[in-house]
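Protein sequence lines, in the order shown, are assigned to chains A and B.
Last residue of the first sequence: 459 in numbering that gives the first Met the number 0, with the numbers rising by one and none dropped.
Last residue of the second sequence: 152 in numbering that gives the first Met the number 0, with the numbers rising by one and none dropped.
Note that CB positions come from ideal geometry on N, CA and C, so glycine has one too.
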Amino acid sequence: MKRQFFSAATATPFVLGVISLLALAGCGGSNSSAAKTTVVSNTATLTAGSGPTGGIVNGLYVTVTVCQHGTTTCATINNVQVDTGSIGLRLAQGTLGSVTLTPILVNNASPLEQCTQYGDTSYSWGPMELADVQIGGETASNIPVQLLGQISAPASPPSATNPTAGGVSCLETTPNPNLLGTPPGNEDTVATLGANGILGIGGFIFDCGNSCTTVSFTVGYPYYICPNGTCQAVGVPTADQIVNPVAQFTGSDNNGVMITLPSVPSSGAVSVSGTMNFGIATRTDNALGNAVIYALDPCGNFPTVNFGGNPYTDTACNNTGTGMGGFLDTGSTALFVSDANTLKSFGIFDCASGTAGFGLYCVSGGTATLSGVNLVGFGGVGSATISLNINDATTLLSPNNNNAVFNDLGGDSVTGGGGSPSTDSWDLGLPFFLGRTVFVGIAGTAMPAGVNAPNGFVAF
Amino acid sequence: MIDYAKTILSALLVLVLVSAPARAGLGQPEASVTSDQLHMKSEHRVQDFQAYKLHELTNTEGAVVREYVSPEGTVFGITWHGRSTPDMNQLLGNYVNNFATATRDQTQIRQRRGITVKTNDFVYTNFCRMGVCTGSAYAPKLLPSNVSVEVMR
Numbered sequence: 000m001k002r003q004f005f006s007a008a009t010a011t012p013f014v015l016g017v018i019s020l021l022a023l024a025g026c027g028g029s030n031s032s033a034a035k036t037t038v039v040s041n042t043a044t045l046t047a048g049s050g051p052t053g054g055i056v057n058g059l060y061v062t063v064t065v066c067q068h069g070t071t072t073c074a075t076i077n078n079v080q081v082d083t084g085s086i087g088l089r090l091a092q093g094t095l096g097s098v099t100l101t102p103i104l105v106n107n108a109s110p111l112e113q114c115t116q117y118g119d120t121s122y123s124w125g126p127m128e129l130a131d132v133q134i135g136g137e138t139a140s141n142i143p144v145q146l147l148g149q150i151s152a153p154a155s156p157p158s159a160t161n162p163t164a165g166g167v168s169c170l171e172t173t174p175n176p177n178l179l180g181t182p183p184g185n186e187d188t189v190a191t192l193g194a195n196g197i198l199g200i201g202g203f204i205f206d207c208g209n210s211c212t213t214v215s216f217t218v219g220y221p222y223y224i225c226p227n228g229t230c231q232a233v234g235v236p237t238a239d240q241i242v243n244p245v246a247q248f249t250g251s252d253n254n255g256v257m258i259t260l261p262s263v264p265s266s267g268a269v270s271v272s273g274t275m276n277f278g279i280a281t282r283t284d285n286a287l288g289n290a291v292i293y294a295l296d297p298c299g300n301f302p303t304v305n306f307g308g309n310p311y312t313d314t315a316c317n318n319t320g321t322g323m324g325g326f327l328d329t330g331s332t333a334l335f336v337s338d339a340n341t342l343k344s345f346g347i348f349d350c351a352s353g354t355a356g357f358g359l360y361c362v363s364g365g366t367a368t369l370s371g372v373n374l375v376g377f378g379g380v381g382s383a384t385i386s387l388n389i390n391d392a393t394t395l396l397s398p399n400n401n402n403a404v405f406n407d408l409g410g411d412s413v414t415g416g417g418g419s420p421s422t423d424s425w426d427l428g429l430p431f432f433l434g435r436t437v438f439v440g441i442a443g444t445a446m447p448a449g450v451n452a453p454n455g456f457v458a459f
Numbered sequence: 000m001i002d003y004a005k006t007i008l009s010a011l012l013v014l015v016l017v018s019a020p021a022r023a024g025l026g027q028p029e030a031s032v033t034s035d036q037l038h039m040k041s042e043h044r045v046q047d048f049q050a051y052k053l054h055e056l057t058n059t060e061g062a063v064v065r066e067y068v069s070p071e072g073t074v075f076g077i078t079w080h081g082r083s084t085p086d087m088n089q090l091l092g093n094y095v096n097n098f099a100t101a102t103r104d105q106t107q108i109r110q111r112r113g114i115t116v117k118t119n120d121f122v123y124t125n126f127c128r129m130g131v132c133t134g135s136a137y138a139p140k141l142l143p144s145n146v147s148v149e150v151m152r
């Protein structure tokens with residue numbers, strides 16, 4: 000079974016991609032009816048479930064085809080995590096099989112390496128290479144992707160305890176070896192990622208952008224070259240930086256995505272299938288319809304969520320605190336909302352250490368319903384209320400329940416000091432997407448007519 | 000006269016550098032904030048509240064660290080926000096060992112997004128998404144009795 004994580008099929012043309020190339024080759028000719036029949040599919044099939052390793056709850060996955068630029072030498076990689084909370088395609092070790100890509104070389108032919116330390120102290124580290132990326136018939140041509148762990152440079156990126164000679168570092172927290180494998184925290188394999196890769200399609204085009212065209216900061220900096228095994232930080236043009244593949248799609252379906260997932264029973268489901276349509280309001284199959292459009296703040300969040308008489312404000316974005324407002328994130332496994340102390344009148348509490356739901360919310364007295372949750376868009380563009388159900392995580396995740404997809408899994412947002420609305424957030428993870436169609440509009444792309452959202456938007 | 004003034008300034012600077020404790024941050028004396036300030040190359044603002052003092056460090060990279068100091072002069076809590084998580088080896092003081100040795104039962108992980116460590120004498124939480132990280136660390140046993148953890152923002 001473990002061999003089925005991916006299929007690296009060299010010289011296997013991706014049928015729709017080839018059609019799209021043929022269609023492009025026909026551009027400049029007449030508007031023949033034949034050209035209209037070769038419009039690429041903008042729909043990819045999604046699977047929510049336990050992932051390639053079987054240990055994930057509420058994982059969302061898609062198949063991505065990665066090709067040597069301009070060739071039909073491709074690897075078709077399934078179980079790539081769909082993540083609206085990050086930017087860029089990152090592939091786990093071994094998923095390309097024998098397919099090789101084009102390294103991005105900078106400063107006298109040194110391969111460009113990228114490092115990200117994640118919030119849980121784990122990190123990714125590997126070279127940036129160029130590839131054609133095909134998803135559901137759409138193609139992003141010759142874009143930078145990251146090959147996790149496939150590195151000839153030092154095994155560990157520059158850290159606060161071992162920075163570059165110029166004092167620049169990526170890892171600021173030493174990962175705990177008790178928690179995060181060997182070497183601690185390096186997420187570059189299918190096992191450590193719980194996926195064959197990460198497809199980051201959040202609401203920005205670039206992960207770093209103009210802040211990384213020069214080395215404009217020294218703590219948590221992502222781009223390095225490591226000639227002779229010694230790393231130095233480098234500024235890189237945005238064309239060489241990790242990028243949202245959707246924003247780079249050829250054609251017009253590049254301003255965002257529309258994700259549709261079915262609902263599941265309150266006890267969950269083993270897995271479900273859904274769709275991801277590319278583009279927003281670019282075709283008949285990705286129209287906004289009656290969806291409420293919420294403009295997001297410069298950090299990609301709802302600036303305010305109101306609940307129970309308390310505002311939950313994105314104070315981190317306006318530089319006044321550690322709150323993060325709210326956000327929609329397919330890469331979050333649960334509804335990490337508010338805190339257990341604030342929600343105790345609903346019977347909600349933090350599941351005890353050692354139970355199946357540890358790290359999530361438990362509930363006494365049956366399902367808790369949080370109604371009247373008011374999401375507010377940036378500049379007041381978009382405001383509506385939603386209702387969330389939270390069920391007992393220790394019951395849902397008990398070993399005799401094989402289900403891996405839940406719409407009612409919750410947890411403490413604990414993004415700040417004491418667990419109070421001023422430091423909490425509303426992280427609406429995958430459970431929120433079940434039974435909904437959700438649009439994620441990318442900042443800096445062509446907005447649908449009438450949408451005023453300079454920092455991107457979400458709609459549902 | 001000018002040279003004399005310069006010499007005094009240099010001497011003062013050396014004094015500050017030398018007198019900064021080797022360990023800074025959580026659980027350390029208030030004076031250790033100076034060490035963190037130098038490490039972060041940051042501006043330093045102090046606010047006096049009735050039951051605690053708040054030192055706010057802000058640098059040109061947009062990192063903000065707030066250190067909360069008890070009337071006894073001990074840093075009992077720290078919060079941060081900015082592009083990245085700041086250097087925890089600097090800010091956690093000796094509590095960095097609590098972080099490094101926490102067990103699974105003491106640690107809640109939100110895959111790639113965040114981590115919370117809770118032990119009897121150390122509570123740590125950090126969360127990052129889309130280029131913004133926020134977090135806090137405090138020592139419950141050092142918290143002044145009349146101060147709520149909610150003051151740490």
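- Among the residues of chain A, those whose CB is under 9 Å from the CB of residue 104 of chain B are 352, 353, 357, following chain order.
- Under the Cβ distance rule, residue 47 of chain A does not count among the residues neighbouring chain B, no pair being separated by less than 9 Å.
- For the segment 38-57 of chain B, no residue has a beta-carbon sitting nearer than 7 Å to a beta-carbon of chain A.
- In the same chain as residue 348 of chain A, and ignoring 5 residues on each side of it, the C-beta atoms closer than 6 Å to its own belong to 339, 361, in chain order.
- In this structure, residue 175 of chain A sits away from residue 155 of chain A, with a CB-CB distance that is not shorter than 9 Å.
- The beta carbons of residue 443 of chain A and residue 255 of chain A sit no closer together than 9 Å.
- With the criterion set as a beta carbon lying under 7 Å from some beta carbon of chain B, the members of the segment 270-301 of chain A are 298, 299, in sequence order.
- The continuous stretches of alpha helix (DSSP H) do not include residue 426 of chain A, which lies in the beta strand (DSSP E) extending over residues 425-427.
- The beta-carbon distance between residue 294 of chain A and residue 377 of chain A, rounded to whole angstroms, is 4 Å. This is short enough to meet the 8 Å contact definition.
- Under the three-state reduction of DSSP, residue 207 of chain A is assigned to coil, being neither helix nor strand.
- When A:276, A:193, A:318 are compared, the shortest CA-CA separation from residue 296 of chain A is found for A:318.
- Per DSSP, residue 135 of chain B is one residue of the beta strand (DSSP E) stretching across 131-137.
- Remark: C-beta atoms of residue 421 of chain A and residue 66 of chain B do not approach each other more closely than 9 Å.
- The count of Cβ pairs closer than 8 Å, one atom from the segment 297-311 of chain A and one from the segment 397-406 of chain A, stays below three, leaving the stretches out of contact.
- Residue burial annotation: residue 266 of chain A is exposed, with fewer than 16 other C-beta atoms found within 10 angstroms of its C-beta.
- What residue 209 of chain A touches in chain B, judged by beta-carbon distance under 8 Å, is nothing: the nearest beta carbon there is about 12 Å away.
- The residue from A:236, A:95, A:201 with its alpha-carbon nearest to that of residue 103 of chain A is A:236.
- Contact check for residue 138 of chain A against residue 249 of chain A passes: the beta carbons are separated by less than 9 Å.
- Counting only runs that start and end inside the segment 364-450 of chain A, the beta strand (DSSP E) elements of at least 3 residues fall at 367-375, 382-389, 425-427, 435-440.
- Interface criterion not met: the Cβ of residue 452 of chain A is under 9 Å from no Cβ in chain B.
- A buried status is given to residue 75 of chain B, since no fewer than 16 other beta-carbon atoms sit within 10 Å of its beta-carbon.
- Contact with chain A is absent for residue 23 of chain B, since none of that chain's Cβ atoms lies less than 9 Å from the residue's Cβ.
- Counting along the chain, residue 43 of chain A sits inside no alpha helix (DSSP H); it lies in the beta strand (DSSP E) bounded by residues 42-48.
- For residue 84 of chain B, same chain residues with a beta-carbon under 6 Å away, outside a window of 5 residues either side, are 125, 132 in chain order.
- With a threshold of 16 other beta carbon atoms within 10 Å, residue 44 of chain A falls short and is exposed.
- Residue 398 of chain A sits exposed, since fewer than 16 C-beta atoms from the chains shown fall within 10 Å of its C-beta.
- In the structure shown, residue 103 of chain B adopts helical secondary structure according to DSSP, grouped into three states.
- If only complete runs of 3 or more residues are kept, the segment 10-82 of chain B shows the beta strand (DSSP E) at 41-47, 52-58, 63-68, 74-81, in order along the chain.
- In terms of beta-carbon proximity, residue 128 of chain A stays away from the interface with chain B, with every pair separated by 9 Å or more.
- Interface criterion not met: the Cβ of residue 155 of chain A is under 9 Å from no Cβ in chain B.
- The beta carbon of residue 158 of chain A is closer than 6 Å to those of 168, 170 in its chain, skipping five residues each way along the sequence.
- Nearest CB-CB separation between residue 126 of chain B and chain A: below the 9 Å threshold.
- Of the residues assessed, residue 38 of chain A falls on the exposed side of the cut-off, its CB having fewer than 16 other CB atoms within 10 angstroms.
- Sequence-distant partners of residue 335 of chain A (beyond 5 residues in either direction) whose C-beta falls short of 6 Å from its own C-beta, in its chain, are 410, 412, 426.
- In the DSSP secondary-structure assignment, residue 458 of chain A is bridged to A:292, A:438.
- Taking 9 Å as the threshold, the shortest C-beta distance from residue 316 of chain A to chain B falls below it.
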